[in-house]
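In numbering that gives the first Met the number 0, the protein residues as written are 0 to 355.
Note that beta-carbon positions come from the ideal geometry of N, C-alpha and C, so glycine has one too.
Remember, predicted model here, so these are calculated numbers, not experimental data.
The block underneath contains the structure these notes are about, expressed in structure tokens.
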Amino acid sequence: MFGARIAGTGYHVPENIVTNADLTRFMDTSDEWIRERTGIRERRWVTRGKDTTATLGAKAARKAIAQAGIAVSDIDFIIVATLSADYYFPGASVLVQRELGLSEAGTGAIDIKAQCTGFIYALSIASQYVQTGMYRNVLVIGSEVHSMALDLSTRGRAISVIFGDGAGAIVLQRTEEPGRGVLTSKLHADGRFAEKLVMPVPGSHGGYHDDRIETDTDWQFKPAGEWGDFFVTGQMLNKALVYPYMDGRNVFKMAVQKFPEVTIEALEAVGLTVEDIDLFIPHQANLRISNYVADKLGLPPEKVWNNIQRYGNTTAASIPIGIAEAVQAGKIKAGDLVCLTAFGSGYTWGSVLIRW
Ligand code: UT7
Numbered sequence: 000m001f002g003a004r005i006a007g008t009g010y011h012v013p014e015n016i017v018t019n020a021d022l023t024r025f026m027d028t029s030d031e032w033i034r035e036r037t038g039i040r041e042r043r044w045v046t047r048g049k050d051t052t053a054t055l056g057a058k059a060a061r062k063a064i065a066q067a068g069i070a071v072s073d074i075d076f077i078i079v080a081t082l083s084a085d086y087y088f089p090g091a092s093v094l095v096q097r098e099l100g101l102s103e104a105g106t107g108a109i110d111i112k113a114q115c116t117g118f119i120y121a122l123s124i125a126s127q128y129v130q131t132g133m134y135r136n137v138l139v140i141g142s143e144v145h146s147m148a149l150d151l152s153t154r155g156r157a158i159s160v161i162f163g164d165g166a167g168a169i170v171l172q173r174t175e176e177p178g179r180g181v182l183t184s185k186l187h188a189d190g191r192f193a194e195k196l197v198m199p200v201p202g203s204h205g206g207y208h209d210d211r212i213e214t215d216t217d218w219q220f221k222p223a224g225e226w227g228d229f230f231v232t233g234q235m236l237n238k239a240l241v242y243p244y245m246d247g248r249n250v251f252k253m254a255v256q257k258f259p260e261v262t263i264e265a266l267e268a269v270g271l272t273v274e275d276i277d278l279f280i281p282h283q284a285n286l287r288i289s290n291y292v293a294d295k296l297g298l299p300p301e302k303v304w305n306n307i308q309r310y311g312n313t314t315a316a317s318i319p320i321g322i323a324e325a326v327q328a329g330k331i332k333a334g335d336l337v338c339l340t341a342f343g344s345g346y347t348w349g350s351v352l353i354r355w
């Protein structure tokens, strides 16, 4: 078995800044409410026609590849974690492969759809490829364009103010140095909560009323569609099923429980404790969640990397953006123990420990 270390990091966010004050043009909200409940001051949204999930991802990837000091052609495999791919299918990863000029090489590429935990799942999968010797350099990207599907009316304000666009990438590389790189990864999911944070349409479920699904909203209905035409209907558009739905309180309650739980599980698996962590990079769900989790774990603020204030919640991109920023800021040095933990839609949650 080999080790799998992070050899290069990079991120790219759109230049278009959307402040909380900007959002008041669309909906009944306020800078004060958003800052107080989420910690967010501003987020980035792509300019339509300029960037997509794949182009943001490819831009972040090029920086990570340059930092790793390798050529694009050295990349053996591409994994893109995203819930907002350019197309319903194929995934964003093949478009990233095309953007990077790796099509003729036939480099393998897959998407991972595990929402806010997407990057943790992707990194864990990549580490298996590298550790077993199957690949030497795996590109792992988290990229999201949320601004394509946000209900900007007051109806959608509890969720639309949270999300932002952006991408982060790492090159995961084979190493023969003992004890270096990914030490462990712990991954979990609980599908009973799938509808607590969901974008129901488009999908094969078709928004259909399902008695087995417990929901406190009216997002399910009996569609009138026939075979072949219930993918996106006018009725679905009227009911805003093409936008994400979130039971924010339930997400909050579960997140503050699962974040610490899985972090401890990962530490215990390799015989380490919270005191051994040099930098904790949590998925940026909500600043209140990150602060609560840090407090519960007993981590001082200087050991926690947060960027939700500037980018909002960028789902699968928030952790790799955080890693790249922390490296750039000189917050991570060789030998440090870096802990990445996420929780989100699915529900899914997980934690990865890396010896830098
Ligand atoms: O990666 C995982 C992604 N999701 C999360 O991490 C979300 C976790 N949950 C949360 O962060 C919080 O639940 C929210 C920030 C989403 C919402 O905070 P909350 O304290 O749970 O608020 P709430 O939804 O219970 O709403 C409280 C009030 C309501 O008004 P009334 O009924 O008390 O009059 C809402 O209509 O705040 C109102 N409200 C808003 N007001 C101004 C909801 N959204 C907004 C808004 N601006 N954007």
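Legend entry - Whole-angstrom C-beta distance between isoleucine 111 and isoleucine 78, which should lie under 8 Å: 6 Å
Inset, instruction - Mark threonine 106 as exposed unless 16 or more other C-beta atoms lie within 10 angstroms of its C-beta, in which case mark it buried. - result: buried
Legend entry - Proximity test, tryptophan 32 beta-carbon vs the ligand UT7 heavy atom, cut-off 8 Å: yes
Legend entry - Assigned exposure category for lysine 62 - 16 Cβ within 10 Å defines buried: buried
Inset, instruction - Would you tell me roughly how many angstroms separate the C-alpha atoms of valine 358 and methionine 147, rounded to the nearest one? - result: Absent from the model: residue 358. The displayed extent of the chain is 0 to 355, so no value can be given.
Legend entry - Burial state of tyrosine 87, where buried means 16 or more other Cβ atoms lie within 10 Å: Of the residues assessed, tyrosine 87 falls on the exposed side of the cut-off, its CB having fewer than 16 other CB atoms within 10 angstroms.
Inset, instruction - Under the assumption that phenylalanine 342 contacts alanine 265 (Cβ atoms under 8 Å), give the Cβ distance between them as a whole number of angstroms. - result: Going by Cβ atoms, the distance from phenylalanine 342 to alanine 265 rounds to 13 Å, so no, they are not a contact pair.
Inset, instruction - Give the straight-line distance between the Cα atoms of glutamine 66 and glycine 180, rounded to the nearest whole angstrom. - result: 16 Å
Legend entry - Residues of its chain near glycine 167, where Cβ-Cβ distance is below 6 Å and the 5 sequence neighbours each way are ignored: Tyr10, Ala59, Gly141, Ala316, Pro319, Ile320, Ala323
Legend entry - Which of helix, strand or coil DSSP assigns to glycine 9: strand
Inset, instruction - In angstroms with no decimal places, state the Cα-to-Cα distance between arginine 36 and leucine 151. - result: Arginine 36 and leucine 151 have their C-alpha atoms some 18 Å from each other.
Legend entry - Nearest candidate by alpha-carbon position, reference serine 159, set Tyr244, Met235, Arg135, Gly132: Tyr244
Inset, instruction - Count the CB pairs spanning the segment 16-23 and the segment 280-296 that are closer than 8 Å, and state whether there are at least three. - result: Because the criterion of three Cβ pairs below 8 Å is not met, the segment 16-23 and the segment 280-296 do not touch.
Inset, instruction - List the whole-angstrom C-beta distance separating phenylalanine 1 from threonine 183, where the pair is believed to meet the contact cut-off of C-beta under 8 Å. - result: At roughly 15 Å, the Cβ-Cβ gap does not stay under 8 Å, so phenylalanine 1 and threonine 183 are not in contact.
Legend entry - Other residues of its chain near alanine 80: CB distance less than 6 Å, five sequence neighbours each side excluded: Excluding its 5 nearest sequence neighbours in each direction, alanine 80 has C-beta neighbours in its own chain below 6 Å: Ile111, Gly117, Phe118, Ala121, Gly141, Ala315, listed in chain order.
Legend entry - Nearest candidate by alpha-carbon position, reference arginine 47, set Leu296, Asn305, Ala3, Pro13: Pro13
Legend entry - Identified DSSP bridge partners for proline 281: Residue pairing of proline 281 in beta bridges, as defined by DSSP: Thr340.
Inset, instruction - Find the nearest neighbour of lysine 295 within the set Val261, Ile16, Met235, judged by alpha-carbon distance. - result: Val261
Legend entry - Proximity below 9 Å, CB of proline 299 to CB of threonine 340: Against a cut-off of 9 Å, the Cβ pair of threonine 340 and proline 299 comes out as no contact.
Legend entry - For arginine 354, the first and last residue of its enclosing beta strand (DSSP E): 347-354
Inset, instruction - Note the first and the last residue of the continuous beta strand (DSSP E) segment covering valine 17. - result: Taken as a continuous stretch (DSSP letters only), the beta strand (DSSP E) holding valine 17 covers 16-18.
Legend entry - Cα-Cα separation, leucine 336 to glycine 329: 14 Å
Inset, instruction - Would you mind working out which of Val93, Val45, Ala284, Trp44 sits nearest tryptophan 348, comparing C-alpha positions? - result: The residue among Val93, Val45, Ala284, Trp44 with its C-alpha nearest the C-alpha of tryptophan 348 is Ala284.
Legend entry - For lysine 185, the three-state DSSP class (helix, strand or coil): strand
Inset, instruction - Under 7 Å Cβ to Cβ from glycine 297, same chain only, skipping five residues before and after it: list those, please. - result: Val273
Inset, instruction - Would you tell me roughly how many angstroms separate the C-alpha atoms of glutamine 308 and valine 137, rounded to the nearest one? - result: Taken atom to atom, the span from the alpha-carbon of glutamine 308 to that of valine 137 is near 30 Å.
Legend entry - glycine 190, buried or exposed, once every other Cβ within 10 Å from all chains shown has been counted against 16: That one is exposed.
Inset, instruction - Tell me where the beta strand (DSSP E) around threonine 272 begins and ends. - result: Unbroken run through threonine 272: none, as it is neither H nor E.
Legend entry - C-alpha distance - phenylalanine 258 paired with glutamate 267, whole-angstrom precision: 14 Å
Legend entry - alanine 53 beta carbon less than 9 Å from that of leucine 94: Yes.
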